[in-house]
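Structure first, then comments.
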Amino acid sequence: MSNEFTQDEINSIVWKACDSFRGAVDPSEYKNYILTMLFLKYLTDLWKDKRDEYTKKYKGDKKRIERALARERFALPPKCDFDTLYENREAADIGDRINKALQKIEDANKAKLENVFRNIDFNSEAALGQTKDRNRRLKNLLEDFYGSDTRPLDLRPSHLSNRDVIGDCYEYLIEKFAAGAGKKAGEFYTPKEVSMLLAKLVDPQPGDTICDPACGSGSLLIRTAKEIQEPDGSPSRNFSLFGQESNGSTWALSRMNMFLHEMDSARIEWCDTITNPRLVEDDQLMKFNVVVANPPFSLDKWGAETADTDQYKRFWRGIPPKSKGDFAFITHMIETALAGEGRVGVIVPHGVLFRGGSEGLIRQKLVDENLLDVVVGLPAGLFFGTGIPAAILVFRKDKKKRNVMFIDASREFIDAKARSYLGEDHIDKIVKTYKKRKNVDKYACVADIAEIEENDFNLNIPRYVDTFEEEEDVDVRAVQKEIDGLEKELAAVQKEMAGYLKELGYGS
Amino acid sequence: MPLISDIAEVRMGYHFRGRVQEEPGGNALVLQIRDVDEDGRFDPEALTPMEIPNLPNHALSAGDAVFLARGARRYAFLFDAVSHDNIVPAGYFMVLRANHERVRPGYLAWAINQDRFQALIDSVSAGTAVPQITKSNLTRLSIDVPDLQTQDRIAAIDSLMKRERTLMQHLTDRRSALLRAAARGADD
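These protein sequence lines map, in sequence, to chains A and B.
Residue 0 is where the first sequence starts when you use numbering that gives the first Met the number 0, and the numbers rise one by one after that.
Residue 0 is where the second sequence starts when you use numbering that gives the first Met the number 0, and the numbers rise one by one after that.
In structure tokens:
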């Protein structure tokens, strides 16, 4: 058997771990406990990996090994590792021990992990039940992540290759539970292929700063960073990542996710992007080369009341309606993209394309300023827990030609039972069409801004991309002949029927 | 009036564990509710291929009356597609093989669809959300059986009526196409 753990194996461990919580913890909360434990396991294995490496290098010289370890990416204080907790899994105060271990890890890595474990309490009676139940659950959890004696789970990086383990696990858990919790807030985990497509459309380059102002667990940021290639085609590490997330436990997940991907220097802030943007420098909003996001769809109560007096004056184009925050996020993203070169990629519900009122006016300004570059209509049912059709908008601050491209990608997807998927071919086709910027019959259209103006700045895709399937030319003679034939046959059938009816004693 | 059990042998459709999953190259074609309309019309090409053990025990043969035992409308149709000997109905169908001395399958399917028999079915159906009728309940229902000649005539008329419906639908479609073409011509 290979040393590498497949995502399936890790998923099955995660699924087993869910069993430990079932009945006590709300399904939407499982993921915080499980992913935190997954992270602790990762830290431990990584630390062991390094210790082995230095032991070999310094031939067992304890002082030198310790000195080298102290300079590592993170410090793991003694007895705070997963293995120690696993050995103590029978202890009566195991919940408290886990909490203390996490706290010490956080303290030892202030700069990187501050507050990351603040939201999670492994000793909570309210969340995990009374002592006896709680201890049993935690023991099971530790055992699940230990794996088996014949195949102990090993998460050191060399055994994971370069995968989005937390992201994939998160996706797996959401798929399993169809996360009812976030649904009402319009929050949807961005499926992998959609993130990938968005990343390719904004085309990040080496040296770029990339920001996701509604970053969730950070997977979109990570995927965007992974799109960056050096001129020779090799993956680039030359980028910096920024994010902001308002949900505390999701923010903690994104910190862990960054760590798992060795993107430790990513700066992820915890606060509401619209009412309290934290990515600021010298009292100014920071500006980025690339801004991407899948903000909550049509967020109610997004903070319209403070928009008027916004100290960064972001809403000068107009204030979006109180009950629909879509344009608040779009506006924020555009305001934080670098002048003359920034790219903005955002996933939006279709309403953004055509709704009137203040949204219509903001849309008109964005088109007039020649910022909008492409509108991509996506198939329905791509997201977990909702069938809502979405679109991707890309804005560019380096546009020259006054036109907008429309791509109707809504009819090409893989139909699966739970949701639809974009295949690699579909993504490729969209990206290539965008780059060529040429009309494609029934698929893509480049419209001058004058034409959009004629349409009252309504961006509804069917107005620009004609997808009407022309009826095949009718051979009038042949159809007439066919009709004659059908009429004859019908007459014969009716005659036969009358015959049988007569035999039954009815009819004339 | 005889009981169903007196005039026909009833067996259940094929019961799948889990959901029906396509197996390309399978020896059978699975007939599901969504594949067939109330007149018993379906497109063999659209059926799901699967591997079914003991196929001859489960496959339909021409002259079987197929009865949908579950759902709001429980109807029957005559299976007369002789060219396919590998079609297997899923578990919510029942197959009635008529004793030809007493009842004609075409008549049997027609009689099941009549209001009178439908009311009997309703009276013994269980299940609030999705009503269904069990095999033993079905076999205990009684049904009108006139003489064979009358049955043959009824079955023939029933089948002609279905043909009539199909033809009229075609006719409507083609006339609409012709009309659209004429309108486009006038437009040019």
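For every residue, glycine included, the Cβ atom is placed at its ideal position computed from N, Cα and C.
All values derive from a computational prediction rather than experimental measurement.
Using a Cβ-Cβ cut-off of 8 Å, state whether residue i counts as contacting chain A.
i, result
"GLU163/B", "yes"
"THR149/B", "yes"
"ALA176/B", "yes"
"ALA180/B", "yes"
"LEU166/B", "yes"
"LEU107/B", "no"
"MET160/B", "yes"
"LEU119/B", "no"
"ALA155/B", "yes"
"LEU170/B", "yes"
"ARG16/B", "no"
"ARG103/B", "no"
At the level of alpha carbons, what is the spacing between residue i and residue j?
i, j, result
"MET496/A", "ASP427/A", "59 Å"
"ALA446/A", "TYR169/A", "40 Å"
"PRO76/A", "VAL291/A", "37 Å"
"ILE333/A", "ARG462/A", "25 Å"
"SER218/A", "VAL193/A", "11 Å"
"ASP407/A", "LEU377/A", "7 Å"
"GLU509/A", "SER322/A", "Because chain A is modelled from 0 through 507, residue 509/A falls outside the range shown and cannot be assessed."
"SER135/B", "THR47/B", "29 Å"
"ASN288/A", "TRP46/A", "35 Å"
"THR335/A", "ASN369/A", "17 Å"
"ARG313/A", "THR330/A", "7 Å"
"PRO151/A", "LYS138/A", "16 Å"
"GLY184/B", "SER175/B", "14 Å"
"GLU340/A", "GLY166/A", "30 Å"
"ASP82/A", "ASP34/B", "56 Å"
"GLU486/A", "MET160/B", "15 Å"
"LYS109/A", "MET257/A", "15 Å"
"VAL374/A", "THR272/A", "24 Å"
"ALA97/B", "GLY25/B", "29 Å"
"PRO1/B", "GLU100/B", "13 Å"
"VAL473/A", "THR466/A", "20 Å"
"ARG18/B", "LYS131/A", "40 Å"
"PRO295/A", "THR385/A", "13 Å"
"ALA477/A", "SER158/B", "28 Å"
How many whole angstroms separate the CB atoms of residue i and residue j, which I take to be in contact at a CB cut-off of 8 Å?
i, j, result
"LEU489/A", "MET167/B", "7 Å"
"GLU229/A", "PRO205/A", "6 Å"
"ALA390/A", "LEU352/A", "6 Å"
"MET93/B", "ARG10/B", "7 Å"
"THR189/A", "ILE346/A", "7 Å"
"PHE78/B", "LEU59/B", "5 Å"
"LEU197/B", "ALA7/B", "This structure cannot speak to residue 197/B, because chain B is shown only from 0 to 187."
Leaving out the 5 sequence neighbours to the left and right, which residues in its chain are closer than 6 Å to residue i when beta-carbon positions are compared?
i, result
"GLN31/B", "ALA89"
"PHE326/A", "PRO319, GLU358 and ILE361"
"LYS494/A", "none"
"SER171/B", "In the sequence as displayed, the identity of residue 171/B is Thr instead of Ser. Excluding positions up to five away in sequence, the list is empty."
"ALA251/A", "VAL115 and ASN118"
"GLN310/A", "none"
"VAL464/A", "PHE405, ASP407 and CYS444"
"ILE460/A", "GLY376, PHE405 and ASP407"
"ASN10/A", "TYR171"
"VAL430/A", "LYS199"
"ASP207/A", "PHE238, ASN288 and VAL289"
Using a beta-carbon distance below 8 Å, is residue i in contact with chain B?
i, result
"TYR420/A", "no"
"ILE413/A", "no"
"VAL345/A", "no"
"GLU28/A", "no"
"TYR499/A", "yes"
"GLU86/A", "no"
"GLU192/A", "no"
Ordered along the chain, which non-local residues of its own chain (more than five positions away) have a Cβ less than 7 Å from that of residue i?
i, result
"ALA100/A", "CYS79 and LEU84"
"ASP299/A", "SER322"
"LEU119/B", "LEU140"
"PHE412/A", "PRO378, SER419, TYR420, LEU421 and HIS425"
"ASP151/B", "ARG103"
"LYS49/A", "LEU68 and GLU71"
Quick one: residues in its chain with C-beta nearer than 8 Å to the C-beta of residue i, no 5 flanking neighbours on either side, listed in chain order?
i, result
"PRO43/B", "LEU28, ALA80, HIS83 and ILE86"
"GLY59/A", "none"
field: Chain-ordered residues of the stretch 109-120 of chain A with a beta carbon less than 8 Å from chain C
entry: Looking for chain C here will not work: the only protein chains present are A and B.
- prompt: Mind pulling the beta strand (DSSP E) runs of 3 or more residues that sit fully within the stretch 443-487 of chain A?
  reply: 443-447
message: Report the start-end ranges of each alpha helix (DSSP H) in the stretch 314-380 of chain A that is 4 residues or longer and not cut off at the edges.
response: 325-334, 350-353 and 356-367
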